[in-house]
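In the UniProt record's numbering, the protein residues as written are 1 to 325.
Using N, Cα and C, we set each Cβ at its ideal position, and we do this for glycine too.
In C-alpha cells:
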C-alpha cells in the first residue's frame with residue numbers, strides 16, 4: 001500500500017491513477033461461467049456449503065475457556081450429525097470446508113463427509129486470519145491444511161475457502177501454486193467466474209459467496225461484545241427463499257454458506273428443512289458440490305459448450321421426504 005513521508009498509509013485521494021488501478025486489477029472477476037443449461041438439463045444449480053469451524057474460532061483468538069470451546073464443540077457433537085442426517089434424507093450432496101485443526105480434533109467427522117458422498121475442502125489451518133499473515137506463513141499453513149485433509153480422508157481436496165473470506169497479496173499465487181481448482185471466498189458476482197490476476201486469466205474458478213447467504217451474520221452471539229442475534233429463523237428463511245427463487249428465474253446458481261455450530265440448533269434447522277422443501281417443489285434443480293459446480297464452470301471456460309447432457313456429476317433432486325412428527 002502506498003505510504004506518505006511519515007510511513008503511514010497515504011490517503012487514497014492522493015493516489016495516482018496507476019496506483020488505484022493497480023489495486024483494482026490485482027484480483028478481478030473475469031468471464032462469467034454459466035452454461036446454457038446445467039447438467040441433466042436443469043434450470044438452476046444449488047450448491048450448499050458448511051464451514052465446520054467448531055472449536056477453531058476461539059482457539060484462533062487464544063480463547064481457551066471451556067464455555068467458548070463448548071460452543072464450537074456443539075457444532076461437531078450435535079450440529080454436524082443433524083446436518084448429515086438431513087442431507088441424507090433429501091439425497092443432497094454438499095461441500096464441507098473444514099479447518100485442519102478441526103479435522104484433527106474430529107477425524108471421524110471429516111471421514112464421514114467423504115464417506116457419505118460429500119466434498120471436503122480446505123478452510124485454513126486453525127481458521128487463521130490469512131490477511132494478517134506473511135507469504136511464507138500463509139503458504140505453509142495452507143499446504144499443511146491440504147496435506148492434513150488428504151491424509152485423514154485419502155482424498156486430496158480440490159477447493160479452498162479462505163478463513164478470512166478475502167485474499168492477501170499472496171493468496172491467489174499460493175492457490176495456483178498448490179494446484180487448487182477453485183476458490184469460494186470472493187463476492188464479485190452471483191454466478192461462478194474466472195479469476196483474473198493483473199488482468200490475465202488464471203484458470204481458477206471462483207464460486208462466489210455473500211454475507212446475505214451466510215447464517216453467521218444473522219445468528220451469531222457474542223456475550224461480551226456488541227454482536228447479538230437479531231433475526232428470527234423464518235425471517236432468514238424468507239431471504240434465502242427469495243435468493244433461490246431469483247436464481248431459478250435467472251437460470252443461475254443458488255449458493256449457501258452455513259456453519260454446524262450455528263445452523264445446527266433445532267429452531268434454525270427447521271428453517272433449513274423448509275428451504276429444502278421449497279427447493280424440492282421446483283423441477284429442474286441440480287444439486288452439486290462446489291467441486292462439481294467448478295467442473296461445469298470450467299467446461300464453459302475451456303470450450304464454451306453447454307453440458308446439458310452430461311450426467312456424470314449431476315444428481316437429480318428427489319421428492320421431499322415425508323415429514324415425521
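| Item | Value |
| --- | --- |
| CA-to-CA distance, residue 23 to residue 148, given in whole angstroms | 33 Å |
| Per-residue burial, residue 172 [other beta carbons within 10 Å of its own, 16 or more giving buried] | buried |
| Residue 255 - containing beta strand (DSSP E), residue span | 253–258 |
| Cβ distance (whole Å) where residue 75 is taken to contact residue 225 below 8 Å | With 8 Å as the limit, residue 75 and residue 225 do not qualify as a contact, their Cβ atoms being about 20 Å apart. |
| Length of the line joining the Cα atoms of residue 211 and residue 257 | 9 Å |
| Any chain B beta carbon closer than 8 Å to residue 71 | Absent from the structure is chain B; it holds one protein chain and no more. |
| Endpoints, alpha helix (DSSP H) assigned at residue 105 | 100–105 |
| Simplified DSSP assignment, three categories, for residue 22 | helix |
| Assigned secondary structure, residue 186 (DSSP; H/G/I helix, E/B strand, else coil) | coil |
| Rounded Cβ spacing between residue 227 and residue 220 (contact assumed at less than 8 Å) | 5 Å |
| Residue 58 - containing alpha helix (DSSP H), residue span | 56–60 |
| Inter-residue Cα distance where the pair is residue 191 and residue 139 | 28 Å |
| Run of the beta strand (DSSP E) containing residue 31, from where it starts to where it stops | 27–32 |
| Bridge-paired residues (DSSP) for residue 50 | 96 and 258 |
| Whole-angstrom distance between residue 131 and residue 57, CA atom to CA atom | 16 Å |
| The segment 267–278 / the segment 231–238 touching (three or more Cβ pairs under 8 Å) | yes |
| CB contact flag (residue 60, residue 109, <8 Å) | no |
| Segment contact flag, the segment 100–107 with the segment 284–304, C-beta cutoff 8 Å, min 3 pairs | no |
| Segment limits, beta strand (DSSP E) that includes residue 206 | 200–206 |
| Selected residue, minimal CA-CA separation from residue 176, among 206, 163, 300 and 165 | 206 |
| Simplified DSSP state of residue 287, which is helix, strand or coil | strand |
| Candidates 95, 11 and 105: closest to residue 54 by CA position | 105 |
| Inter-residue Cα distance where the pair is residue 77 and residue 96 | 16 Å |
| Whole runs of the alpha helix (DSSP H) within the segment 110–181, excluding any shorter than 4 residues | 135–153 and 171–178 |
| 8 Å Cβ cutoff met for residue 150 and residue 144 | no |
| Start-to-end residues for the alpha helix (DSSP H) that takes in residue 248 | 233–250 |
| Span separating the alpha-carbon of residue 120 from that of residue 174 | 19 Å |
| Which of helix, strand or coil DSSP assigns to residue 214 | strand |
| Nearest residue (CA-CA) to residue 146, options 202, 158 and 30 | 158 |
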